[in-house]
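To keep things clear, I will list the structure first and then write my remarks on it.
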Amino acid sequence: MMIKENCKLAIISIKANKMRAFLTMLGIIIGVCAVIAIMTVGNSMTADVQKQLEGFGVQNISIYVNPIDWNAELSDADMQNMQLKPEVLHRLSQKFEKKISGISVEANVDGGKVIRDGKTANVNVLGTSAGYYKANKVKLINGNSFNSYDYQQGNNVAIISDKFVEQLYGKEFAPENLLGKEIEINVWEQYLNVTVVGIYHYEESGSGRGGNKNITTNVYLPLKAAWNFTHNEEIYECTVVAAEGENATELSEEIKNYLTDAMANSLGDKFVVGAYSNQSMIEENTKTMNQMTMAISMIAAIALIVGGIGVMNIMTVSITERTREIGTRKALGAPDSMIMLQFISEAIIICLIGGIIGIVLGLILGNVAVHFMGYNPHVSIASIYMSVGFSMAIGVFFGYSPAKHAAKMNPIDALRYE
33 MMIKENCKLA IISIKANKMR AFLTMLGIII GVCAVIAIMT VGNSMTADVQ
83 KQLEGFGVQN ISIYVNPIDW NAELSDADMQ NMQLKPEVLH RLSQKFEKKI
133 SGISVEANVD GGKVIRDGKT ANVNVLGTSA GYYKANKVKL INGNSFNSYD
183 YQQGNNVAII SDKFVEQLYG KEFAPENLLG KEIEINVWEQ YLNVTVVGIY
233 HYEESGSGRG GNKNITTNVY LPLKAAWNFT HNEEIYECTV VAAEGENATE
283 LSEEIKNYLT DAMANSLGDK FVVGAYSNQS MIEENTKTMN QMTMAISMIA
333 AIALIVGGIG VMNIMTVSIT ERTREIGTRK ALGAPDSMIM LQFISEAIII
383 CLIGGIIGIV LGLILGNVAV HFMGYNPHVS IASIYMSVGF SMAIGVFFGY
433 SPAKHAAKMN PIDALRYE
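Everything in the sequence shown is counted per the working numbering, starting at 33 for the first residue and increasing by one.
Right, here's the structure in full:
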């Protein structure tokens, strides 16, 4: 009951001095608004970047061999020793059979183009192993993937994108009508004839939103078919896909240790095996961005401290103006705690109202900023609760000293105050 009465008195006092109360709230409004806006932008950027990184595969582990001394000159023999041999990768797949769901190896043939009736589709020709499609989340929508015979023989078969079909045949053409048909790709002024066996869905990226003409899509071949065309079977890196439920970061260390032992003779004292999981990269990236967001928010929160000092200042003025009122209440028997609670309640309500206004403005500004930056908005509920709690804490902290001064007033001196 006492708290309810004090809140009513506080609201009456705020209404009596609306402009002064608003100016007092201004520091709190600006501080909370800045914190909420920065947290919204930071969380939106973090969530979108994390989503993009997850698109590369959370369970993916990149395997590579690097020279210990990057400045050392490498001979042809050294370059041979840096390679990941197919037999080594085969033993790796057997060793970790239950822990991995695939190994992705790719061979970049080169960029090329396909021309039909005056229309041109730019392509990047890639040779791929069976594990590539899982590692890169390639979604087949028509036809079939390559079979084991295609991989063993290096048949000239291809998987193309629906965007490629649209570029050459238009939107009305059904992509499945190209299955079993032959297309001719101009690569290095040489012509590569391949039979279409599958069509995958092309995922739009930031660089491909300007229309269809400049989009380059991938055309996938069996790995051996790419090797036959380029006469180059070197493998310097690959991607291992950890099985569902496996910790990719821990598995990357196990694979690194295994390959270090398995390739000890070729590695010698010149090279080292590297294994890096996307999971650890996502965790590190998220941690870094969260730290940056928190650091900038803490700087913005300085405005809250300034606002708190303003609250203390205005409460001191208010108490001075209401000295006779305080003396009257104390003369009628009001205890010190009631006087103190009255003015602390007033400080809390001023800060709380300022905090709520700041939250609303912060959400609006944050969402507008996120929209113009091209991210999806992600509002931090925790930051809203934190801002409300912090606003109330500022009211208590900065309202305590003036309230204590009011509570300790001598009623006789207070009644004599002019």
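Each residue gets a CB set at the ideal place from its N, CA and C atoms; glycine is no exception.
Under 8 Å between C-beta atoms of residue i and residue j
i: M344; j: F422; result: no
i: S415; j: M71; result: yes
i: L255; j: G159; result: yes
i: I267; j: L116; result: yes
i: G340; j: I426; result: yes
i: I335; j: I62; result: It should be pointed out that residue 335 corresponds to Ala in this sequence rather than to Ile. Against a cut-off of 8 Å, the Cβ pair of I62 and A335 comes out as a contact.
i: G390; j: V64; result: yes
i: V420; j: P409; result: no
i: G134; j: G163; result: yes
i: V197; j: I231; result: yes
i: I93; j: A274; result: yes
i: V81; j: N317; result: yes
i: K171; j: H233; result: yes
i: I314; j: L85; result: yes
i: L283; j: K131; result: yes
Cα-Cα separation, residue i to residue j
i: A435; j: A66; result: 29 Å
i: K145; j: N250; result: 11 Å
i: N187; j: F303; result: 35 Å
i: G242; j: A53; result: Caution applies to G242, whose pLDDT of 46 falls short of 50 and renders its modelled position unreliable; the value that the coordinates give is listed next. Cα to Cα, the separation comes out at about 51 Å.
i: Y308; j: P207; result: 37 Å
i: I68; j: I371; result: 34 Å
i: W102; j: M295; result: 19 Å
i: T262; j: V141; result: 7 Å
i: I381; j: G394; result: 19 Å
i: L55; j: S329; result: 23 Å
i: G59; j: Y417; result: 19 Å
i: G386; j: C39; result: 16 Å
i: A10; j: V272; result: With the chain covering 33 to 450 only, the question about residue 10 has no answer from this structure.
i: A79; j: L211; result: 39 Å
i: G300; j: Q112; result: 13 Å
i: K83; j: L224; result: 36 Å
i: R356; j: I337; result: 30 Å
i: K50; j: N442; result: 29 Å
i: G238; j: L253; result: In this predicted model, G238 has a pLDDT of only 46, less than 50, meaning its place in the structure is not dependable; the value taken from the coordinates is given anyway. Taking the straight line joining both Cα atoms gives about 25 Å.
i: K362; j: I43; result: 21 Å
i: K47; j: L41; result: 10 Å
i: V229; j: S177; result: 7 Å
i: Q199; j: S76; result: 34 Å
i: R148; j: P99; result: 46 Å
Start and end residues, beta strand (DSSP E) containing residue i
i: L253; result: T248 to P254
i: K145; result: E138 to R148
i: V155; result: K151 to T160
i: F404; result: Taken as a continuous stretch (DSSP letters only), F404 belongs to no beta strand (DSSP E), being part of the alpha helix (DSSP H) at D368 to M405.
i: V304; result: F303 to S309
i: E216; result: E214 to V219
i: S177; result: Careful: S177 lies outside any beta strand (DSSP E) and carries neither H nor E.
i: N225; result: Q222 to Y232
i: A104; result: Segment: none, A104 is in no beta strand (DSSP E) and carries neither H nor E.
i: V170; result: Segment: none, V170 is in no beta strand (DSSP E) and carries neither H nor E.
Exposure of residue i, with buried meaning 16 or more beta-carbon neighbours within 10 Å
i: S193; result: buried
i: S412; result: buried
i: F375; result: buried
i: I173; result: exposed
i: A332; result: buried
i: S350; result: buried
i: T152; result: exposed
i: N310; result: buried
i: I358; result: buried
i: S369; result: exposed
i: F205; result: exposed
i: V137; result: buried
i: G342; result: buried
i: T325; result: buried
i: E119; result: exposed
Where the alpha helix (DSSP H) containing residue i begins and where it ends
i: E278; result: It is not in any alpha helix (DSSP H) - E278 carries neither H nor E in the DSSP assignment.
i: I346; result: I334 to E353
i: N297; result: A296 to L299
i: S433; result: I413 to A439
i: L200; result: D194 to Y201
i: E208; result: Per DSSP, E208 belongs to no alpha helix (DSSP H) and is neither H nor E.
i: S125; result: P118 to K127
i: Y164; result: Y164 to A167
i: Q91; result: Counting along the chain, Q91 falls outside any alpha helix (DSSP H), and DSSP gives it neither H nor E.
i: A109; result: D108 to N113
heavy atom of the ligand MN below 7 Å from residue i C-beta
i: N246; result: Absence of the ligand MN is noted for the structure shown, with no ligands found whatsoever.
Notebook entry, point to check: Are the segment 288 to 295 and the segment 208 to 219 touching, with three or more C-beta to C-beta distances below 8 Å?
Noted result: no
Item checked: Validate contact between the segment 258 to 270 and the segment 175 to 185 using beta carbons, cut 8 Å, 3 pairs -> no
Checklist line | At least three beta-carbon pairs within less than 8 Å, the segment 313 to 321 to the segment 111 to 128 | finding: no
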